[in-house]
DNA sequence: ATAAACTCTGTAGTCGGCTACAGAGTCAAG
DNA sequence: CTTGACTCTGTAGCCGACTACAGAGTTTAT
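Chains as they are written, first to last, in our numbering: chain E, 1 to 145; chain C, 1001 to 1145.
Dropping the structure here:
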């Protein structure tokens, strides 16, 4: 038989067997051609395609976005401008997240310093953890978006 | 009636009505006392408690972790050491995420530069978006953990 | 007294991205 | 020619953190 079976493809592309069917349903893989008895047969290019998906995932793209990228790729339209927009949006999202995390880090550090301080002087003020109080009093102006 | 109804509490604490019941089930709020006919009545301190939950969420804690924090708070055990550990873990997680995002940002920037370059010299090489190729060829050694 | 507005419960649905399972059909080896 | 390994389909479950809904009972306003 020419072409890969589903499990062979899974093996080759290092993805779960069921993921392949899932991706087909989701439109990330084209509907695979079938044998007479209904078995899917995949071409080598599908391995590439799955690799592309994995790498786009690693770049932080959602399956939805990856589907778009794949359409651009398939139609090899001159989609540079569209791709650039996607990249820009993703980059902006990443930077937003970074800013959130930095604020978070600052808050956690502040809390942690209080914690350590309290543990040192435990003898003088043995009443409860001040960090819990700090969380209770935090200015609710942070992160989460 | 003394105490707040569920919707009053939701209003005061700025959370969804159903979230309150959910949090009660999840052990983030203590089982509320009831009226004769079975209506919950909440005290003012519940407003505080919900505020605490919201802020802890903003600090990146999961409900699971917040439940732990609340137990510490409730038992006002000297839980500083435990709280400190939670903070440290959270801080480590935040830093991991930051590192991931930085790698991601670098990759996206690289891709974006290619994109812009390609758009400038569109006339010379009008064949397809190089970024898509780049994603296809990316070293799969990144992010995602 | 009645209608609107609220609250109760249990349960199901949402999001994203899979992962698993049951039951039926198919293919390859001995 | 049977056994075991594979594949097919549809469907359900998982994670976390909610959110929504139906149907029954309760409170409030007129």
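Every residue gets a Cβ at the ideal spot worked out from N, C-alpha and C, and that includes glycine.
Subject >> residue 142/E, DSSP secondary structure in three states >> reply: Mapped onto the first chain, residue 142/E falls at position 142. Summary for residue 142/E: the model assigns pLDDT 44, below 50, so the residue's position carries little reliability, and this model does not support an answer.
Original post:
Name the chain C residues that come within less than 7 Å of residue 83/E, Cβ to Cβ?
Top reply: Here residue 83/E corresponds to residue number 83 of the first chain, with the count starting at 1. Below the 7 Å Cβ cutoff, chain C contributes 1115, 1129, 1131, 1132 as neighbours of residue 83/E, in chain order.
**OP:** Starting from the beta carbon of residue 104/E, find every residue of chain C whose beta carbon is closer than 7 Å, and list them in chain order.
**Re:** As a first step, residue 104/E must be located in the first chain, where it is residue number 104. Ordered by position in chain C, the residues that pass the 7 Å Cβ test against residue 104/E are 1059, 1060, 1094.
Original post:
Whole-angstrom Cβ separation of residue 97/E and residue 1101/C, contact assumed at under 8 Å?
Top reply: Taking the first residue of the first chain as 1, we reach residue 97/E at position 97. Taking the first residue of the second chain as 1, we reach residue 1101/C at position 101. Right, their Cβ atoms sit about 6 Å apart.
**OP:** Mind the definition here: the stretch 1062 to 1080 of chain C touches the stretch 1036 to 1045 of chain C only if three or more C-beta pairs lie below 8 Å; say whether that holds.
**Re:** With fewer than three CB-CB distances shorter than 8 Å, the stretch 1062 to 1080 of chain C does not count as touching the stretch 1036 to 1045 of chain C.
Original post:
My guess is that residue 112/E and residue 1091/C are in contact by the Cβ rule of under 8 Å, so how many angstroms apart are they, rounded?
Top reply: In the first chain, residue 112/E corresponds to position 112, counting from 1. In the second chain, residue 1091/C corresponds to position 91, counting from 1. Residue 112/E to residue 1091/C, Cβ: 7 Å. Contact.
Original post:
Name the chain E residues that come within less than 8 Å of residue 1135/C, Cβ to Cβ?
Top reply: Residue numbering aside, residue 1135/C sits at position 135 when the second chain is read from its first letter. Correct list: 52, 55, 56, 59, 69.
Subject >> residue 1046/C - containing alpha helix (DSSP H), residue span >> reply: Taking the second chain and counting its residues from 1, the one referred to as residue 1046/C is at position 46. Note, residue 1046/C: alpha helix (DSSP H), 1044 to 1058.
Original post:
Shorter than 8 Å from the beta carbon of residue 144/E to some beta carbon of chain C?
Top reply: In the first chain, the residue the question calls residue 144/E occupies position 144. Note that residue 144/E has pLDDT 40, beneath the 50 cutoff, so the model's placement of it is unreliable and the number below is only indicative. By this cut-off, residue 144/E is an interface position.
Original post:
Is residue 71/E buried or exposed, if buried means 16 or more other CB atoms sit within 10 Å of its CB?
Top reply: Mapped onto the first chain, residue 71/E falls at position 71. Label assigned to residue 71/E: exposed.
Original post:
Residues of chain E with CB under 8 Å from residue 1091/C, in chain order?
Top reply: Along the second chain, one-based indexing puts residue 1091/C at 91. Chain E residues near residue 1091/C: 105, 108, 109, 112.
Original post:
If you run the structure through DSSP and keep just helix, strand and coil, what is residue 1162/C?
Top reply: Residue 1162/C cannot be examined here, being either before or after the span of chain C that is shown, 1001 to 1145.
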